[in-house]
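Residue numbers (my numbering): 1 to 199. Notes for the one structure printed next.
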């Protein structure tokens, strides 16, 4: 009886190890797909931004009456490109976030760059927001809107919030906030930035 129990436990352990390996490999594959999709979107956005006429942009009126440009490409609407200098990372930013969209690119959670309250979320894929917890005060982040406006930001702090701390996440004191889940999804890494200039 003991021997049979031991064999069953060994078999169960082997199955669990195989399942863990499968999940690890699947996550790596999914992250690779996301990186490739983001790189293609950035290249497409840059080309479209250089050649686009104003009629190719969709307009959305913001709360203060200022219009925001949105560029449609491959069935998705984008508001710009986010550059994190420390990582040499450029990412497209979708007009609005969705679970399906986050598998391709970061998305706007709320706010607008022009209003000084932009919040962007992304998955914690290594080439998306997987490293933002290592950003430090003074690091530069740039957001380039699809109509060519360049917003420069400086990181002021990195903090961990509970998933239920929505009010603190949406705190309007910050010109730009980036966030993602920590591994395991129990908490959120939030990077707070202040406006440092516009070109």
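In this text, a Cβ means the ideal position worked out from N, Cα and C, and glycines have one as well.
Closest by C-alpha distance to residue i, when choosing among the options
| i | options | result |
| --- | --- | --- |
| residue 38 | 195, 185, 76 | 76 |
| residue 105 | 81, 185, 111, 115 | 81 |
| residue 183 | 122, 136, 72 | 122 |
| residue 34 | 91, 85, 195, 70 | 91 |
| residue 187 | 179, 194, 151 | 179 |
| residue 167 | 110, 134, 135, 154 | 110 |
Heavy atom of the ligand MG within 7 Å of residue i beta-carbon
| i | result |
| --- | --- |
| residue 188 | The ligand MG is absent from the structure shown, which contains no ligand whatsoever. |
Residue i to residue j span [Cα, whole Å]
| i | j | result |
| --- | --- | --- |
| residue 147 | residue 190 | 27 Å |
| residue 139 | residue 72 | 30 Å |
| residue 99 | residue 51 | 30 Å |
| residue 14 | residue 6 | 12 Å |
Simplified DSSP state of residue i, which is helix, strand or coil
| i | result |
| --- | --- |
| residue 44 | helix |
| residue 135 | coil |
| residue 179 | strand |
| residue 146 | coil |
| residue 195 | strand |
| residue 168 | helix |
| residue 77 | strand |
| residue 162 | coil |
| residue 32 | helix |
Beta-carbon spacing of residue i, residue j below 8 Å
| i | j | result |
| --- | --- | --- |
| residue 143 | residue 118 | yes |
| residue 131 | residue 68 | no |
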